[in-house]
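J.: Using the working numbering, you'd call the opening residue of the sequence shown number 0 and step up by one each time.
I have a structure I would like to understand better, so I am pasting it below and will then ask my questions one at a time.
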Amino acid sequence: MTNGQFEREKNYGVVMAVARMMLSKGLISEKDYRKIDTIYKAKYRPVIGALPARIP
């Protein structure tokens, strides 16, 4: 993994961790969560983070 790929993975992971926390607290809906995931997958193009994940 290159440094650039690592940075993209890290940034995507941070964004999605915040989104999962917001989802678990009821601040956003599952639809919002999926939208956030789609937007940030396109932005960061994660390799590992792009693998299917379950919504908590």
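From the three backbone atoms N, C-alpha and C, an ideal C-beta is built for every residue, glycine too.
Helix, strand or coil for ARG33 per DSSP?
T.: Reading the sequence shown from its first residue, position 34 is the one you call residue 33. It is helical.
J.: Along the chain, where does the alpha helix (DSSP H) containing VAL46 start, and where does it finish?
T.: As a working note, residue 46 is residue 47 in the sequence shown. Unbroken run through VAL46: none, as it is neither H nor E.
J.: Would you report the Cα separation of GLN4 and LYS34, rounded to the nearest angstrom?
T.: On the sequence shown, residue 4 is found 5 positions in, with the first residue counted as 1. On the sequence shown, residue 34 is found 35 positions in, with the first residue counted as 1. Rounded to whole angstroms, GLN4 to LYS34 spans 22 Å at the Cα level.
J.: Tell whether a beta-carbon distance below 8 Å holds between LEU22 and TYR11.
T.: Counting from 1 along the sequence shown, the entry for residue 22 is found at position 23. Counting from 1 along the sequence shown, the entry for residue 11 is found at position 12. TYR11 sits away from LEU22, with the two beta carbons spaced by 8 Å or more.
J.: Is it true that the CB of PRO45 sits closer than 8 Å to the CB of ARG19?
T.: In the sequence shown, counting from the first residue as 1, residue 19 sits at position 20. In the sequence shown, counting from the first residue as 1, residue 45 sits at position 46. Cβ atoms of ARG19 and PRO45: not closer than 8 Å.
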